[in-house]
Every structure is written in C-alpha cells, then in structure tokens.
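Peer 1:
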Amino acid sequence: MTTTTVAVPALILAVLALAGAAAAWLRLRAVQRQFRVLWGEGPQRDAAATMRMHIGRIDALDDRVTRLDGRVDGIGEHVAAGLRHVAVVRYDAFGDMGGRLSFSAAIVDDAGDGLVLSSIHARGESRTYAKGVVAGRSEITLTPEEQQALASARSDRADA
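Numbering-wise (the numbering used here), the sequence shown opens with residue 22 and increments by one.
1) For V155, which option in H106, A40, S140 and A132 has the closest C-alpha, if you only look at C-alpha atoms?
2) Nearest-angstrom Cα distance between R73 and A38?
3) Per DSSP, A127 is paired with what?
4) Is it the case that the Cβ atoms of D113 and S125 are separated by a distance below 8 Å?
5) If you draw a straight line from the C-alpha of I79 to the C-alpha of R88, how long is it?
6) In the DSSP output, what is G116 paired with across the bridge?
7) Grouping DSSP H, G and I as helix and E and B as strand, with all else coil, what is S147?
8) Grab the span of the alpha helix (DSSP H) containing V27 for me, first residue to last.
9) List the residues that DSSP assigns as beta-bridge partners of H142.
10) In or out: I161 buried (at least 16 other Cβ within 10 Å) or exposed?
11) Taking 7 Å as the limit between beta carbons, can you name the residues of its chain near L104, skipping five residues before and five after?
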C-alpha cells in the first residue's frame, strides 16, 4: 500500500508536468510563428542578425534620402528661374472689330522676369510685339491689357 500511496501522487505529478510541458511547447510554437518575420528565412534563423540587416537597410535608405534632399534643394533654384507663370488677356483692339482676336500674354518666373507678348489683330493685318520684363517691370510702357496679363501671371505666386 505504501508503494501505491507514493506511485499515485508521482503519476499525477508526472501527468501535470507532461501537460505543463505540452502547454509550454504549444506557446513556444505560437511565439515562433509570431516572430518568424524577425527571424528571416534560411538556415540561420537569428532575430539579432535579421535586426542588424534591417538596421543596415534603414541606414542605407537614410543616406539615400539625405543625398536626394540635397539634389531637390539644388533643383529648387532652377524651378524658380523657369518661366512658369503664364496669363493671357484677350480683347478687341479696335472698336469696329469683334471676337476678341487680339491678346496679351505674360510669361514670367518667380522673380517676375520674363516677357509680355501682344498680338494686335486688325482687319487687314496683325502685328505682334514682345516686351521684356525684369522684376515685374518693363522699360517699354505696357498697355493696360499687358499690365493686366502681367499682374495675373504674377498673382499665382505666393509672394506676389
């Protein structure tokens, strides 16, 4: 009977230990599935090596972004000097002509440098004029339509 009193608790303890080991093994498998992304693929499934690899990739991307940022800063000056602000004003140059066939077009950069083109349409002829613009002003007197076109072209800038 003494053997039985010792064997039964030992058997119960062994079953509980086996159940605890099975539960721990199942939990370990669940954790392994969750961290499979960190371990990476291949024969060396090491979370630390995978983290080092990702840190290296992040550092390389940071260097690349820094270089690209420098290039973007350099491009900004070229964009500001581009003739990218445009406005067209159509009008009737003569009272007896309709259809607003005459026009003035202003084309300037961020600093207000560029040109104003005007085409005056009459019954028998058409004349075209070009006037240079520096800092939003022209050495040649601008017509009201040319001034309107220039003001419209410069108004799409935030600092105009």
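For glycine and all other residues, C-beta sits at the position ideal for the given N, C-alpha and C.
Predicted model only: the values in this text are computed from it and were never measured.
Peer 2: According to the structure data:
1) A132
2) 38 Å
3) A108 and V137
4) no
5) 14 Å
6) Answer is none; G116 lacks a bridge partner.
7) strand
8) T23 to Q55
9) S147
10) exposed
11) I128, V129, D130 and G135
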